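Taking the numbering used here, the leading residue of the sequence shown gets 304, the next gets one more, and so forth.
What follows is one structure encoded as C-alpha coordinates, with my remarks underneath.
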Amino acid sequence: MPPELTAAEAKHIIGGEMNMWTEYAPQEKVDSKVFPRLLAMAEVLWTGPQQGSFKAFFGRVRKHYERLDRMGVRYGPEARPVVITPRYEADRDGFLITCSIDSELPGDDGVIRYTLDGKPVTAESRQYGNPFFADGTGAVRARAFVAATPYGSEASATAVDHAALGRPVQLADPPAERYRSDRNERLTDGLRGTIDHRDGHWTGFEGVDLIAVIDLGEQTVVHEMSA
(Lines of atoms letter the chains of each structure in order from A and count residues from 1; the text may use other names and numbers.)
(Lines give C-alpha, C1' and ligand atoms only; values in the text may rest on other atoms or scores of the structure.)
Protein backbone atom coordinates (compact mmCIF):
# COMPACT_ATOMS: atom_id res chain seq x y z
CA MET A 1 0.00 0.00 0.00
CA PRO A 2 1.56 3.35 -0.97
CA PRO A 3 2.43 5.09 2.31
CA GLU A 4 1.29 8.50 1.08
CA LEU A 5 -2.36 7.38 0.88
CA THR A 6 -4.72 8.22 3.69
CA ALA A 7 -6.76 5.45 5.31
CA ALA A 8 -9.85 6.69 3.44
CA GLU A 9 -8.00 6.47 0.13
CA ALA A 10 -6.28 3.17 0.85
CA LYS A 11 -9.56 1.33 1.44
CA HIS A 12 -10.39 1.70 -2.27
CA ILE A 13 -7.42 -0.46 -3.31
CA ILE A 14 -8.73 -3.99 -3.69
CA GLY A 15 -5.74 -5.80 -5.21
CA GLY A 16 -2.68 -5.68 -7.39
CA GLU A 17 -1.46 -6.88 -10.75
CA MET A 18 1.75 -8.13 -12.34
CA ASN A 19 2.17 -7.01 -15.93
CA MET A 20 4.13 -8.98 -18.54
CA TRP A 21 5.33 -6.59 -21.25
CA THR A 22 5.96 -9.00 -24.13
CA GLU A 23 7.70 -6.42 -26.33
CA TYR A 24 10.68 -7.10 -24.04
CA ALA A 25 10.23 -10.88 -23.99
CA PRO A 26 9.72 -13.18 -27.00
CA GLN A 27 7.03 -15.81 -26.43
CA GLU A 28 9.56 -18.55 -25.69
CA LYS A 29 10.95 -16.47 -22.80
CA VAL A 30 7.68 -15.49 -21.13
CA ASP A 31 7.77 -18.44 -18.70
CA SER A 32 11.22 -17.44 -17.47
CA LYS A 33 10.06 -13.87 -16.89
CA VAL A 34 6.82 -14.77 -15.09
CA PHE A 35 8.14 -17.62 -12.91
CA PRO A 36 9.17 -17.63 -10.12
CA ARG A 37 8.10 -13.96 -9.86
CA LEU A 38 4.43 -14.95 -9.91
CA LEU A 39 4.99 -16.97 -6.72
CA ALA A 40 6.49 -13.92 -5.01
CA MET A 41 3.59 -11.75 -6.15
CA ALA A 42 1.10 -14.26 -4.74
CA GLU A 43 2.98 -14.27 -1.44
CA VAL A 44 2.82 -10.51 -1.13
CA LEU A 45 -0.80 -10.07 -2.18
CA TRP A 46 -2.30 -13.04 -0.35
CA THR A 47 -0.27 -12.96 2.84
CA GLY A 48 0.23 -9.22 3.26
CA PRO A 49 2.78 -7.45 5.43
CA GLN A 50 2.70 -10.23 8.05
CA GLN A 51 4.50 -12.72 5.81
CA GLY A 52 7.59 -14.47 7.18
CA SER A 53 11.20 -13.95 6.28
CA PHE A 54 12.48 -13.95 2.72
CA LYS A 55 14.66 -16.95 3.56
CA ALA A 56 11.59 -18.97 4.53
CA PHE A 57 9.77 -17.91 1.36
CA PHE A 58 12.83 -18.75 -0.74
CA GLY A 59 12.93 -22.28 0.65
CA ARG A 60 9.27 -22.83 -0.15
CA VAL A 61 9.71 -21.50 -3.69
CA ARG A 62 12.36 -24.08 -4.47
CA LYS A 63 10.00 -26.85 -3.42
CA HIS A 64 7.71 -25.73 -6.26
CA TYR A 65 10.34 -26.30 -8.96
CA GLU A 66 9.74 -30.06 -9.23
CA ARG A 67 6.03 -29.34 -9.72
CA LEU A 68 6.78 -26.67 -12.35
CA ASP A 69 9.14 -29.09 -14.13
CA ARG A 70 6.36 -31.67 -14.40
CA MET A 71 4.04 -28.98 -15.80
CA GLY A 72 6.63 -28.02 -18.44
CA VAL A 73 7.03 -24.48 -17.10
CA ARG A 74 10.43 -23.13 -18.19
CA TYR A 75 11.01 -20.88 -15.19
CA GLY A 76 13.96 -18.52 -14.88
CA PRO A 77 16.54 -17.94 -12.14
CA GLU A 78 15.45 -16.19 -8.95
CA ALA A 79 17.82 -13.28 -9.55
CA ARG A 80 20.36 -11.98 -12.05
CA PRO A 81 23.15 -14.31 -10.95
CA VAL A 82 26.22 -12.58 -12.41
CA VAL A 83 27.12 -8.91 -12.70
CA ILE A 84 30.26 -7.75 -14.55
CA THR A 85 31.78 -4.40 -13.51
CA PRO A 86 34.67 -3.10 -15.64
CA ARG A 87 36.34 0.07 -14.30
CA TYR A 88 38.82 2.04 -16.36
CA GLU A 89 42.20 2.54 -14.65
CA ALA A 90 43.87 5.56 -16.25
CA ASP A 91 47.26 4.96 -14.66
CA ARG A 92 47.37 1.45 -16.11
CA ASP A 93 45.57 2.24 -19.39
CA GLY A 94 43.17 -0.66 -19.12
CA PHE A 95 40.17 -2.06 -17.30
CA LEU A 96 39.89 -3.72 -13.91
CA ILE A 97 37.25 -6.43 -14.34
CA THR A 98 35.14 -7.50 -11.36
CA CYS A 99 32.54 -10.28 -11.54
CA SER A 100 30.15 -10.62 -8.62
CA ILE A 101 27.79 -13.52 -8.04
CA ASP A 102 24.36 -13.26 -6.46
CA SER A 103 24.40 -14.33 -2.83
CA GLU A 104 21.23 -16.40 -3.30
CA LEU A 105 22.81 -18.82 -5.77
CA PRO A 106 21.61 -22.30 -4.74
CA GLY A 107 24.04 -24.59 -3.00
CA ASP A 108 27.65 -24.08 -2.03
CA ASP A 109 29.10 -25.20 -5.33
CA GLY A 110 28.11 -22.20 -7.46
CA VAL A 111 30.98 -20.77 -9.50
CA ILE A 112 31.49 -18.09 -12.15
CA ARG A 113 33.23 -18.93 -15.41
CA TYR A 114 34.25 -16.39 -18.04
CA THR A 115 35.81 -15.83 -21.45
CA LEU A 116 37.73 -12.91 -22.95
CA ASP A 117 37.74 -13.99 -26.61
CA GLY A 118 34.06 -13.36 -27.31
CA LYS A 119 33.16 -17.05 -27.23
CA PRO A 120 30.20 -18.33 -25.19
CA VAL A 121 30.92 -19.46 -21.63
CA THR A 122 30.92 -23.21 -21.01
CA ALA A 123 31.55 -25.48 -18.03
CA GLU A 124 35.15 -25.76 -19.28
CA SER A 125 35.78 -21.99 -19.39
CA ARG A 126 38.18 -20.33 -16.97
CA GLN A 127 36.87 -20.06 -13.40
CA TYR A 128 36.67 -16.57 -11.91
CA GLY A 129 38.39 -16.04 -8.59
CA ASN A 130 39.48 -12.43 -8.07
CA PRO A 131 39.21 -9.14 -10.01
CA PHE A 132 41.68 -9.12 -12.88
CA PHE A 133 43.21 -6.48 -15.14
CA ALA A 134 42.49 -6.51 -18.87
CA ASP A 135 44.84 -4.56 -21.12
CA GLY A 136 43.20 -2.49 -23.82
CA THR A 137 39.63 -3.39 -24.63
CA GLY A 138 37.57 -6.45 -25.33
CA ALA A 139 34.45 -8.40 -24.52
CA VAL A 140 34.01 -10.16 -21.19
CA ARG A 141 31.37 -12.87 -20.95
CA ALA A 142 30.54 -14.60 -17.66
CA ARG A 143 28.02 -17.13 -16.42
CA ALA A 144 27.17 -18.88 -13.18
CA PHE A 145 27.32 -22.67 -12.96
CA VAL A 146 25.94 -24.96 -10.28
CA ALA A 147 27.39 -28.47 -10.38
CA ALA A 148 28.56 -27.87 -13.98
CA THR A 149 25.02 -26.84 -15.04
CA PRO A 150 24.49 -23.26 -16.32
CA TYR A 151 22.46 -21.11 -13.94
CA GLY A 152 20.64 -18.13 -15.40
CA SER A 153 21.61 -16.23 -18.50
CA GLU A 154 25.07 -15.11 -19.54
CA ALA A 155 26.29 -11.63 -18.59
CA SER A 156 28.52 -9.62 -20.90
CA ALA A 157 30.32 -6.28 -21.01
CA THR A 158 32.34 -4.72 -23.81
CA ALA A 159 34.89 -1.99 -23.18
CA VAL A 160 35.56 0.44 -26.03
CA ASP A 161 38.73 2.52 -26.41
CA HIS A 162 38.37 6.18 -27.43
CA ALA A 163 40.12 9.56 -27.03
CA ALA A 164 37.89 10.64 -24.12
CA LEU A 165 38.29 7.44 -22.12
CA GLY A 166 38.18 8.25 -18.41
CA ARG A 167 38.18 12.02 -18.96
CA PRO A 168 36.02 14.29 -16.74
CA VAL A 169 32.58 15.42 -17.92
CA GLN A 170 30.62 18.57 -17.07
CA LEU A 171 26.87 18.53 -17.78
CA ALA A 172 24.87 21.73 -18.30
CA ASP A 173 21.81 20.07 -16.70
CA PRO A 174 21.48 17.04 -14.43
CA PRO A 175 20.18 13.83 -16.03
CA ALA A 176 16.55 12.84 -15.57
CA GLU A 177 15.78 11.15 -12.26
CA ARG A 178 15.63 7.64 -13.74
CA TYR A 179 19.18 8.12 -15.12
CA ARG A 180 20.61 9.86 -12.07
CA SER A 181 24.09 8.75 -11.07
CA ASP A 182 26.79 9.88 -8.69
CA ARG A 183 29.17 10.30 -11.60
CA ASN A 184 29.00 12.04 -14.97
CA GLU A 185 31.86 9.91 -16.29
CA ARG A 186 29.35 7.26 -17.31
CA LEU A 187 29.63 8.97 -20.73
CA THR A 188 33.40 8.34 -20.92
CA ASP A 189 33.89 5.09 -18.99
CA GLY A 190 34.33 3.02 -22.17
CA LEU A 191 31.16 0.98 -21.63
CA ARG A 192 28.35 1.07 -24.16
CA GLY A 193 24.75 0.94 -23.06
CA THR A 194 22.57 -1.92 -24.25
CA ILE A 195 19.10 -1.69 -25.77
CA ASP A 196 17.80 -1.70 -22.18
CA HIS A 197 17.90 1.92 -21.00
CA ARG A 198 17.82 0.70 -17.38
CA ASP A 199 21.13 -1.19 -17.60
CA GLY A 200 23.01 1.47 -15.62
CA HIS A 201 25.13 2.68 -18.55
CA TRP A 202 22.77 5.33 -19.95
CA THR A 203 22.74 9.06 -19.25
CA GLY A 204 19.32 10.39 -20.29
CA PHE A 205 17.56 13.74 -20.31
CA GLU A 206 13.88 14.66 -20.37
CA GLY A 207 12.74 18.17 -21.29
CA VAL A 208 16.26 19.52 -21.85
CA ASP A 209 18.97 18.89 -24.41
CA LEU A 210 22.17 17.00 -23.70
CA ILE A 211 24.96 19.57 -23.33
CA ALA A 212 28.22 18.05 -22.14
CA VAL A 213 31.78 19.37 -21.97
CA ILE A 214 34.45 16.67 -22.00
CA ASP A 215 37.95 17.80 -21.04
CA LEU A 216 40.55 15.81 -23.00
CA GLY A 217 43.34 17.36 -20.91
CA GLU A 218 45.32 18.67 -23.88
CA GLN A 219 44.89 19.67 -27.49
CA THR A 220 43.91 16.50 -29.29
CA VAL A 221 43.31 15.63 -32.93
CA VAL A 222 39.87 14.03 -33.22
CA HIS A 223 39.46 11.77 -36.25
CA GLU A 224 35.90 10.61 -35.74
CA MET A 225 32.88 11.20 -33.49
CA SER A 226 30.01 8.79 -33.05
CA ALA A 227 27.02 8.25 -30.80
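Beta carbons: idealized from backbone N, C-alpha and C, even for Gly.
It should be emphasised that the depicted structure is a prediction, and the values quoted were computed from it without experimental measurement.
- With the rule of 3 Cβ pairs closer than 8 angstroms, the segment 459–479 counts as touching the segment 512–528.
- Residue burial is scored here from C-beta neighbours: residue 443 has at least 16 other C-beta atoms within 10 angstroms and is therefore classed as buried.
- For residue 362, no beta strand (DSSP E) run applies; the uninterrupted alpha helix (DSSP H) run containing it begins and ends at 357–374, by DSSP.
- Under the three-state reduction of DSSP, residue 456 is assigned to strand.
- For the 7 angstroms CB-CB criterion, residue 328 and residue 389 do not form a contact.
- Residue pairing for residue 515: DSSP places it in a beta bridge opposite 474.
- Each residue's CA atom was taken as its position, placing residue 400 and residue 377 some 32 angstroms apart.
- In the three-state reduction of the DSSP assignment, residue 443 falls in the strand class, which pools E and B.
- Pairing residue 360 with residue 369 gives a Cβ-Cβ distance that is not under 7 angstroms.
- Distances from the alpha-carbon of residue 457 to those of 314, 481, 356, 379 put 379 closest.
- Boundaries of the beta strand (DSSP E) harbouring residue 416: 413–418, taken from the DSSP string.
- Exposure of residue 429 is indicated by the presence of fewer than 16 other C-beta atoms within 10 angstroms of its C-beta.
- DSSP places residue 386 within a strand segment (E or B) once states are collapsed to three.
- For residue 312, the enclosing alpha helix (DSSP H) begins and ends at 310–313.
- For the 7 angstroms CB-CB criterion, residue 519 and residue 493 do not form a contact.
- Per DSSP, residue 325 lies in no alpha helix (DSSP H) and is assigned neither H nor E.
- In this structure, residue 384 places its C-beta atom within 7 angstroms of the C-beta atom of residue 455.
- When C-alpha distances from residue 320 are compared across 349, 326, 307, 331, the shortest belongs to 349.
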